[in-house]
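Number of protein chains: 2
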Amino acid sequence: MIEPLNGIDTYIKEKVLLIEQELKTSIPSQWSIPAPLREAMMYSLMAGGKRLRPILVLAAAEALDADSTAAMPAALAVEMIHTYSLIHDDLPAMDDDDYRRGKLTNHKVFGEAMAILAGDALLTHAFHMIVQSARKHGISGETIADIVEDLSRLAGAPGMVGGQAADMLGEQGVTRLEELEYIHLHKTSDLIVFSLKAGGRIAGASDKQLAALEHFGTCIGLAFQIQDDILDLIGDEQKLGKPVQSDVKQQKVTYPYFIGIEASKAKVEELTRKAKQSIVQAGFPKPERLLQLADFLMKRDH
Amino acid sequence: MIEPLNGIDTYIKEKVLLIEQELKTSIPSQWSIPAPLREAMMYSLMAGGKRLRPILVLAAAEALDADSTAAMPAALAVEMIHTYSLIHDDLPAMDDDDYRRGKLTNHKVFGEAMAILAGDALLTHAFHMIVQSARKHGISGETIADIVEDLSRLAGAPGMVGGQAADMLGEQGVTRLEELEYIHLHKTSDLIVFSLKAGGRIAGASDKQLAALEHFGTCIGLAFQIQDDILDLIGDEQKLGKPVQSDVKQQKVTYPYFIGIEASKAKVEELTRKAKQSIVQAGFPKPERLLQLADFLMKRDH
């Protein structure tokens, strides 16, 4: 008997609850860590957010009809990477933000030095989490090595950090759409690609399936970022929970700036269609959640 | 025929040359990385230093009579971790240093934002290097997982970053020798312990040998830091290449502050003796270089 799938909203809510429960105990309580450092790490880790990346880790494993429990450590790892990148991005030397998601940023609460260290510690701890899928769920060392290699590349200089550096350098003048795409692909897509591949690897994906997950991630990552640009321009401040038109005010170039709002919307739709197509063609046993998540991201209003 | 060992000075010089040669090509040239980010990473990576930690990785592998070639990626990894920690420590929000080893610090050359990102990228790239010992030298995935687990703990919140946080918090008043020892053990010893264990793991060390390497590292790491405190107090500015008595001027508590200079010297000797003893007792086939390195560190005048 085939049970009907819950709606994607319910699926996301359930996963967020589960992920946040696991995050709470993700730094071993028996470890001796200076209290303010531990607090600073937990403050940002538990500060909410969409939890999109860890959900994608779990959904990718489920698309292969695997129990997603073994993928949970990698899901937590990617949220740690995402969180550290936000802490460092918010620093005075970087974007100098006082608030994120309505809460004071890490350095406003714990000071700059501790915020830098909390970011460093979360980045390092992400790799500890990856190994836990071997320790707790019997994932092989070869798979761990593959995942560590993916993460070090996609979150590192040729990946997320490179995208962040390009973004910062670009504030002195991005002049071409190609430069903007480079920033989006690395700053956003790379970690999404990692999430999908990590879930896939843990569930024993074939090379063909891994390539499809990578293409899916690249497309929805770019679509996500263009959608962000669009929402910043025409979104609802209430739903977004932040002021709109900040890109215009900060003179940041965006997709709508280069190709207009209608073409940007069309691009989001095209990328979502291509993303879904690659999953369908690669023959996953249970692709539904991934396909629903792609649509969910395209239709979001915040 | 047993060839006589070169002096330890020659051994160190040869290893430094080799390590610096390998560091030059440690970030793949085919990777697309924003030029200033790559430059900032290489600037600090190639800015000199004792290269003590990578030498210990190689020496530990050699103590097990292994060819140290397979240990080189891990040696480069630990130097990347050490380098990132210096870049972040030098930031205005941390120690606010303009010079290190006679050269401008990273943020003075590349700006604070790029220095933060260069540190993040080096930390992430260290894990990439660890996996290269599997890709290039056939080290097993299980060993890679063990090394990644060690590194994530010993360089993370319960290790080096925790030591750095405690040091920073302690500047508001370390009152007990135990607190100072906590700082030294984590800020300095932990990464030295990692270096020795990584070399040991790659060379197939037994659990008994790994435990001996860990004890050796803990002891020489603490001795190294106490020796630093002593040299800061009574060393030769010319040889040290930096002003002495900086701890006194900065009102930093040190081992000599707590127990006096003679007792501090005796402590360095005792720790060195204990370190060597643990190596001798664990039965390494070629322990000479590790033993010589312990003596070399104890007798150093800079």
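Going down the list, the sequences are from chains Z and H. Per my numbering, the first sequence runs over residues -11 to 290. Per my numbering, the second sequence runs over residues -11 to 290. Built from N, CA and C at the ideal position, the CB exists for glycine as well. Since this is a predicted model, take the numbers as computed values, not measurements.
What is the rounded straight-line gap between the Cα of residue 203 of chain Z and the Cα of residue 41 of chain Z?
15 Å
Within-9 Å CB hit, residue 70 of chain Z to chain H:
no
Bridge partners of residue 87 of chain H, per DSSP?
H/92
Residue 59 of chain Z touches chain H at which residues, Cβ-Cβ below 9 Å?
What residue 59 of chain Z touches in chain H: nothing, since even the nearest Cβ is about 16 Å away.
Just to confirm, is the Cβ distance from residue 112 of chain H to residue 149 of chain Z under 9 Å?
yes
Is the CB of residue 242 of chain H under 9 Å away from at least one CB in chain Z?
no
Counted within 10 angstroms of its Cβ, other Cβ atoms place residue 103 of chain Z as buried (16 or more) or exposed
buried
Exposed or buried, what is residue 12 of chain Z when buried is set at 16 or more other beta-carbons lying within 10 Å of its beta-carbon?
exposed
Using a cut-off of 7 Å between C-beta atoms, extract the partners of residue 15 of chain Z located in chain H.
145
My guess is that residue 63 of chain H and residue 45 of chain H are in contact by the Cβ rule of under 8 Å, so how many angstroms apart are they, rounded?
4 Å
Counting only the same chain and skipping the five closest in sequence on each side, list residues whose C-beta sits under 8 Å from that of residue 108 of chain H.
72
Rounded to the nearest angstrom, what separates residue -1 of chain H and residue 110 of chain H at their Cα positions?
27 Å
Closer than 8 Å is the cut-off here; do at least three beta carbon pairs connect the region 132 to 143 of chain H with the region 167 to 175 of chain Z?
no
Excluding the 5 residues preceding and the 5 following residue 136 of chain Z in the sequence, name in chain order all residues of the same chain whose CB lies nearer than 7 Å to its CB.
115, 118
Sufficient close CB pairs (3 or more, under 8 Å) joining the region 46 to 56 of chain Z to the region 183 to 194 of chain Z
yes
For residue 158 of chain Z, collect the residues of the same chain with a Cβ closer than 7 Å to its Cβ; drop the 5 residues on either side in sequence, then sort them by chain order.
167, 171
Helix, strand or coil for residue 273 of chain H, going by three-state DSSP, please let me know.
coil
Are the CB atoms of residue 224 of chain H and residue 236 of chain H nearer to each other than 9 Å?
no
List, in chain order, every chain H residue whose beta-carbon is nearer than 7 Å to that of residue 100 of chain Z.
81
Scan the region 28 to 53 of chain H for residues whose Cβ lies nearer than 9 Å to a Cβ of chain A and list them as they occur along the chain.
Here chain A cannot be found, since the structure's protein chains are Z and H.
Please confirm if residue 260 of chain H has its CB atom under 9 Å from at least one CB of chain Z.
no
On the criterion of 16 or more Cβ atoms from any shown chain inside 10 Å, does residue 183 of chain H qualify as buried, or is it exposed?
buried
Between which residues of its own chain and residue 120 of chain H is the CB-CB distance below 6 Å, once the five residues before and five after are set aside?
61
Against chain Z, does residue 156 of chain H count as a neighbour if the rule is that its beta carbon must be under 9 Å from one of theirs?
yes
Measuring alpha carbon to alpha carbon, tell me which residue in Z/206, Z/201, Z/245 is nearest residue 163 of chain Z.
Z/245
Compare the Cα-Cα distances from residue 267 of chain Z to each of Z/33, Z/127, Z/196, Z/20 and report the closest residue.
Z/196
Exposed or buried, residue 264 of chain H, counting other C-beta atoms within 10 Å across all chains shown (16 or more means buried)?
buried
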